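Numbering (my numbering), first residue to last: 173 to 352. For every residue, glycine included, the Cβ atom is placed at its ideal position computed from N, Cα and C. Fair warning: this is a prediction, and the values are worked out from it, not measured in the lab.
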């Protein structure tokens, strides 16, 4: 590394002098530089190199320990994943049932809604009124005897007036259908 002025910068972890080299004679230094095996032997005995190797070994052992610990937790992790998958399936099933029941409830509420009840009542009143008109037309065309006509017409009109009165009462007092 170089500074902004172009001068080499030394790392603070490297020493500035090596006393073990300073105590060597020029012949010993020449031998170190020319014999690679001798240099490796000398270099591997330096305190700084030994410290780096110790740190490296400790880091490696720590990593191996962490790896073993992680691997030992693998079965538990798989069991938890399977448990989560089972919970998800159970939740989906229950949600499906809930959605179906909510739909049925909504349909039931619609069947008993004020507007639906009024529409059903109006339809029933109109149907009964048409039945009464049909009976009258059948009598006038000679298809019904007087006593049969009177009995059927009275019953039909009686039913018509009962439903018409209910419809009128619901229209004038809508609070009758309030369930609260």
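Coil, strand or helix - residue i by DSSP
i, result
"residue 245", "coil"
"residue 345", "coil"
"residue 292", "helix"
"residue 316", "coil"
"residue 217", "coil"
"residue 237", "helix"
"residue 301", "helix"
"residue 285", "coil"
"residue 324", "helix"
"residue 278", "helix"
"residue 192", "helix"
"residue 255", "helix"
"residue 207", "coil"
"residue 306", "helix"
Same chain, Cβ closer than 8 Å to residue i, neighbours up to 5 away in sequence not counted
i, result
"residue 146", "Since the first and last residues shown for the chain are 173 and 352, residue 146 lies out of range."
"residue 296", "335"
"residue 341", "348"
Residues near residue i in its chain [Cβ-Cβ closer than 7 Å; skip 5 each side]
i, result
"residue 294", "339"
"residue 215", "221"
"residue 310", "316"
"residue 225", "none"
"residue 288", "282"
Presumed contact (8 Å Cβ cut-off) between residue i and residue j, rounded CB distance
i, j, result
"residue 210", "residue 201", "That pair is no contact at about 11 Å."
Of the listed residues the options, nearest to residue i (C-alpha basis)
i, options, result
"residue 219", "240, 192, 257", "192"
"residue 290", "228, 344, 195, 230", "344"
Is the number of C-beta pairs between the region 314 to 321 and the region 278 to 285 that are closer than 8 Å three or more?
no
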